[in-house]
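What follows is a single structure, written as structure tokens, with notes after it.
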Amino acid sequence: MLWLWILIGVLVFLLALGVFGYNRLVRLRNEVDTGWANIDVQLQRRTDLIPNLVEAVKGYASHERGVFEEVTRARAAVQQAGSPGSAAEANDFLTAALGRLFVVAEAYPELKASENFLRLQDDLTDTEDKISAARRYYNATVMHFNTAVQSVPWLLIARPLGFREREFFSAEGDTAVPDVSFPR
Amino acid sequence: MTLQQQIRANRLRSLVVVAGFVALLAIMGGLIGLVFDPSLGIFALAFALIYGIFALMRSRAMISRLTHAQELSPNELRPLRRLLENASIGAGLPVTPELRVVDDPAPNAFAAGLRPKSSYVGVTTGLLRTMPKRELEAVIAHEIAHIRHRDTYLMTMATIFAGIIALLADIGLRTLAFGGRRSGGIIAIVLAIVGLVLAPYAALMLRLSLSRRREFLADAGSAEILSDPEAMALALRRLEHDPTTVRYADASTSHMWVESPTDRVDTTRGSIQEFSSWFNTHPPLKARIAALEEAGGFRLPGELPADVAFAAEMGL
Numbered sequence: 038m039l040w041l042w043i044l045i046g047v048l049v050f051l052l053a054l055g056v057f058g059y060n061r062l063v064r065l066r067n068e069v070d071t072g073w074a075n076i077d078v079q080l081q082r083r084t085d086l087i088p089n090l091v092e093a094v095k096g097y098a099s100h101e102r103g104v105f106e107e108v109t110r111a112r113a114a115v116q117q118a119g120s121p122g123s124a125a126e127a128n129d130f131l132t133a134a135l136g137r138l139f140v141v142a143e144a145y146p147e148l149k150a151s152e153n154f155l156r157l158q159d160d161l162t163d164t165e166d167k168i169s170a171a172r173r174y175y176n177a178t179v180m181h182f183n184t185a186v187q188s189v190p191w192l193l194i195a196r197p198l199g200f201r202e203r204e205f206f207s208a209e210g211d212t213a214v215p216d217v218s219f220p221r
Numbered sequence: 273m274t275l276q277q278q279i280r281a282n283r284l285r286s287l288v289v290v291a292g293f294v295a296l297l298a299i300m301g302g303l304i305g306l307v308f309d310p311s312l313g314i315f316a317l318a319f320a321l322i323y324g325i326f327a328l329m330r331s332r333a334m335i336s337r338l339t340h341a342q343e344l345s346p347n348e349l350r351p352l353r354r355l356l357e358n359a360s361i362g363a364g365l366p367v368t369p370e371l372r373v374v375d376d377p378a379p380n381a382f383a384a385g386l387r388p389k390s391s392y393v394g395v396t397t398g399l400l401r402t403m404p405k406r407e408l409e410a411v412i413a414h415e416i417a418h419i420r421h422r423d424t425y426l427m428t429m430a431t432i433f434a435g436i437i438a439l440l441a442d443i444g445l446r447t448l449a450f451g452g453r454r455s456g457g458i459i460a461i462v463l464a465i466v467g468l469v470l471a472p473y474a475a476l477m478l479r480l481s482l483s484r485r486r487e488f489l490a491d492a493g494s495a496e497i498l499s500d501p502e503a504m505a506l507a508l509r510r511l512e513h514d515p516t517t518v519r520y521a522d523a524s525t526s527h528m529w530v531e532s533p534t535d536r537v538d539t540t541r542g543s544i545q546e547f548s549s550w551f552n553t554h555p556p557l558k559a560r561i562a563a564l565e566e567a568g569g570f571r572l573p574g575e576l577p578a579d580v581a582f583a584a585e586m587g588l
């Protein structure tokens, strides 16, 4: 009789642990999804700004076709990226391509002084700042989620219930999360 | 401690604070009822309830008025608004809080609001004129961390309760001093006086002990949001060097600011120091800088960087 009670007790404990663990993993996963949505919004905003920017520069420097093509290709790559890692990589390409576009723009003082161009440039800088802010939050949520999925005892329920590690938003070789840990 | 645990711990503490205040209120109502008339005790509690509900509904506007914060149109101070937007994105807040500016030469900032969605962050013009961009961003992130940790919610509740208790004590003491029917014996009256005199201090202590620990957590939050613990430490060091105090500083709102606006005077002698540290709303800046240095594994240089202040950089 005693053994039966012990068995029931253990089962109830395991069930409670399972429910708690499942809820925790769901919450962490939702945070990751929210974090990704934040990045996505900003990436979208960035790619939306680019056609106008290309048009503005074309008006003054129509012969620099190579740079325009490169920017357009990089923009398409960001839009088509299927995972956080590849999106980060494409976004880095876009940053590099835009850098070259702005070097081209340097040679045209009239373009540089035009209000339209200045506003676009300002908006782009703002978007880039926001992408890096969103990336800090997203990568932190991914780290929490991945740690939970990989650690005992949640490890035991994570796989069977379909919780998989998420990718960081960073190109390969990047240090994803700067280590800022606080003693509590 | 993860963020969620921190928020949950804060909710639990809010519950304890509310329960503590309700108990204090009940004791005070009981004392008033015991000494004068039971109906007066009930009346006082009913009054407290109505006042509390009203204060809760009006808390946003009230705090705004107490701190003399001005609302801004979306196009004003765009660069500043962007810093706020970036900090709230970095913190994962669902919306960017409103931005308000307090016209005051002392560098300081505060956050207020019951929910993240209805919160706002106030900065003084002095802060904009003193801090370079990097440090200003750290201060703003510190305020965002307060909102994210639900500190502003807890503080608003505590402020309202402390206000009610002070008000009740005042009513009780005045009634006692200027006659009124007394039904209790002499012991009850002595008890009532002691209770009514001490209650506001008990409320104050409860409120202050809450806000001090939170400052360390918000500093840590700022470092995490920006991945830059040094920026927050530099900002605190700069505040330490700055001699001006907030003009509109009011004891009732002092716990809301990034740096305590009221207790500027450093008391060096032992016993006075002990006593004053109990009544301080904020831990000393040195302790906060030291905590950041330890956590981030760096040492602040003796000299502050001679960067251009944000206001000058933006031509404000």
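Note that the protein sequences, when read in sequence, are chains A and B.
Numbering of the first sequence is given in the numbering used here, commencing with residue 38 and proceeding in unit increments.
Numbering of the second sequence is given in the numbering used here, commencing with residue 273 and proceeding in unit increments.
We treat Cβ as the ideally placed atom computed from N, Cα and C, and that holds for glycine.
Each residue's CA atom was taken as its position, placing Trp73/A and Ala124/A some 11 Å apart. Contact between the segment 456-469 of chain B and the segment 307-324 of chain B is present: three or more C-beta pairs spanning the two stretches fall below 8 Å. Taking C-beta atoms under 8 Å as the contact rule, Pro369/B and Arg420/B fail to qualify, at a distance of about 10 Å. In the displayed model, Gly394/B falls within a strand according to three-state DSSP. Runs of the beta strand (DSSP E) spanning 3 or more residues and lying entirely within the segment 350-401 of chain B occur at 370-374, 381-384, 392-396, in chain order. Counting C-beta pairs with one atom in each stretch, the segment 175-185 of chain A and the segment 38-55 of chain A have fewer than three that are closer than 8 Å, which means they do not touch.
With respect to the 8 Å criterion, Ala507/B and Glu357/B are not classified as neighbours on the basis of their beta carbons.
By the Cβ neighbour-count rule, Met329/B is exposed, with fewer than 16 other Cβ atoms within 10 Å of its own. Taking all protein chains shown into account, Thr431/B has 16 or more neighbouring C-beta atoms within 10 Å of its C-beta and is therefore buried.
Beta-bridge partners of Gln342/B (DSSP): Val373/B. Interface annotation, Gly72/A: in contact with chain B, CB-CB separation under 8 Å.
With contacts defined as CB atoms closer than 8 Å, Glu415/B and Ala381/B qualify as a contacting pair. Look at Val580/B here: in three-state DSSP terms it is coil, with no helix or strand label. The DSSP assignment places 102-117 as complete runs of the alpha helix (DSSP H) inside the segment 84-141 of chain A, in order along the chain (cut-off: 4 residues).
Inclusion of Ile497/B and Gly302/B in the CB contact set at 8 Å is not warranted, their separation being larger than that value.
For the segment 157-172 of chain A, the set of residues with a beta-carbon nearer than 7 Å to any beta-carbon of chain B comprises Asp163, Asp166, Lys167, Ala170, Ala171, in chain order. Across the segment 132-157 of chain A, no CB contact with chain B closer than 9 Å is found for any residue. The beta carbons of Gly394/B and Ala341/B sit about 4 Å from each other, so the pair counts as a contact at 8 Å. For Ile561/B, the closest Cβ of chain A is not nearer than 8 Å.
Using a Cβ distance threshold of 8 Å, Thr447/B and Leu386/B do not count as a contacting pair. Around the Cβ of Ser391/B, a 10 Å sphere holds 16 or more other Cβ atoms; the residue is buried.
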